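Residue numbers (my numbering): 775 to 1087. Worksheet for the structure shown next.
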Amino acid sequence: MTETIADQPVMAVRGRDGEVRAFYNVCQHRGHELLKGRGKLKVGITCPYHASLYDFEGKLKTARMTDDAPDFRTSDFPLRRLPLVIADGLVFVNLDPDPHPFDDGCGSFGGTIRKHLEGIDGYQRVASLEYDIAADWKVVVDNSSEGYHIPIAHPRLSTLYDMSGGKPGHHDSLFNHFQNSGHASYVHMTLGEKEPYLGWTVWPKLCMLSLPGSRNLIALRMDPDGQGRCHERVDVYCEPDPGHSGNVDELLKLFAKIFNQEDIALVESVQRGLSSDGYDQGRYIADRAGSWFSESGLHVFHKWALEALGEIA
Ligand code: FES
Ligand SMILES: [Fe+2]
775 MTETIADQPV
785 MAVRGRDGEV
795 RAFYNVCQHR
805 GHELLKGRGK
815 LKVGITCPYH
825 ASLYDFEGKL
835 KTARMTDDAP
845 DFRTSDFPLR
855 RLPLVIADGL
865 VFVNLDPDPH
875 PFDDGCGSFG
885 GTIRKHLEGI
895 DGYQRVASLE
905 YDIAADWKVV
915 VDNSSEGYHI
925 PIAHPRLSTL
935 YDMSGGKPGH
945 HDSLFNHFQN
955 SGHASYVHMT
965 LGEKEPYLGW
975 TVWPKLCMLS
985 LPGSRNLIAL
995 RMDPDGQGRC
1005 HERVDVYCEP
1015 DPGHSGNVDE
1025 LLKLFAKIFN
1035 QEDIALVESV
1045 QRGLSSDGYD
1055 QGRYIADRAG
1065 SWFSESGLHV
1075 FHKWALEALG
1085 EIA
């Protein structure tokens, strides 16, 4: 499986021993990228440039015409490994060679996934969408962190939620999770009783949600793209459900054509407002329950940002 994280080509490979390891997706000979996309490998990882062959543990096994190269040792050229954590089927790779342990701040994250999305290991990616947005990534995370705007700015989407339950979110020091219920008044999907509506914000810039109506996970990641701009990548994963395939089609339509477009218009407008001389800062609006339908999650995200900036201990 390959990915680009902060412009760095990265891959994760499951070895014959079952362990998943992450490496920079870069050949140690001339730097060609090794793998593309995702799939299964039989023999090992073969570089498409000069056919150096690495095993699934990142060891260089063979390099052509090196038998009589003086002092050439394959052991000098292993792939560069990266720290990797799997939390309930989600793979997290860290570009910091000496990262803080995942459990420091996200220890209970895994427990919030499979608890609601049992079949997560069998989910398939049904869409991968990309957006160039004229707003800072933090403005996009702000927007994803609160449900205060939902009844106003997402009138169609809001009929899918039960807005009456103001449950507080659960948060660890580096992620925030909320749970509410679906609402059968959304006419385009077949909804079961109390289907969950879930959301996560993981510091710094991973936002996820699961909408009622099908077993799904929608992951949004924002990469900075210059001042006041970001690139958003959205991956939509669903449990194969032939019985309710219409729900998946509707989910994609609702998210890609309506919901996310509405949010992009909001954050681009906010970015213009933040750049204006006519704005400084506003109040947080949080109800006493600290529910997600207030701005309590936004407040949590701002605390993380201020901690990262060293402005609060
Ligand atoms: S760059 Fe990979 S074998 Fe040459
Ligand atoms: Fe929104």
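Built from N, CA and C at the ideal position, the CB exists for glycine as well. Model, not experiment: these values are computed from the prediction.
* Asked: Mind checking whether the beta-carbon of Leu808 lies closer than 8 Å to any heavy atom of ligand 1?
  -> yes
* To do: Examine the Cβ distances between the stretch 923-934 and the stretch 988-999 and report whether three or more of them are shorter than 8 Å.
  => no
* Pro783 bridges to which residues according to DSSP? -> Thr778
* Using CA coordinates, which residue listed in Val800, Lys1031, Gly813, Glu1036 is at the minimum distance from Arg788? -> Gly813
* Where in the stretch 912-979 do unbroken runs of the alpha helix (DSSP H), each at least 4 residues long, occur, reported from the N-terminal end onward? -> 924-927, 929-932
* Would you call Met839 buried or exposed, if buried means 16 or more other Cβ atoms sit within 10 Å of its Cβ? -> exposed
* To do: Less than 8 Å between the CB atoms is what I'm expecting for Leu891 and Ser984, so what's the real figure, rounded?
  => 6 Å
* **Residue span of the alpha helix (DSSP H) that contains Ala1082, given as start and end** => 1070-1082
* What residues in its chain sit with their C-beta under 7 Å from that of Gly881, if we drop five residues either side in the sequence? -> Asp946
* Who does Leu864 pair with in a DSSP beta bridge? -> Ala861
* Beta-carbon contacts of Leu1122 that lie in its chain and below 6 Å, excluding the five residues immediately before and after -> The chain is shown from 775 up to 1087; residue 1122 falls before or after that span and cannot be answered.
* Host beta strand (DSSP E) of Ala993 (start-end) -> 990-998
* Asked: Are at least three pairs of beta-carbons, each pair with one atom in the stretch 795-811 and one in the stretch 825-844, less than 8 Å apart?
  -> yes
* Does the Cβ of Val961 have 16 or more other Cβ atoms within 10 Å, making it buried, or fewer, making it exposed? -> exposed
* Between which two residues does the beta strand (DSSP E) carrying Val800 extend? -> It is not in any beta strand (DSSP E) - Val800 carries neither H nor E in the DSSP assignment.
* Thinking C-alpha only, which one of Glu1006, Ala1060, Ala1082, Asp999 is nearest Val915? -> Glu1006
* Asked: What is the DSSP secondary structure of Ser902, reduced to helix, strand or coil?
  -> strand
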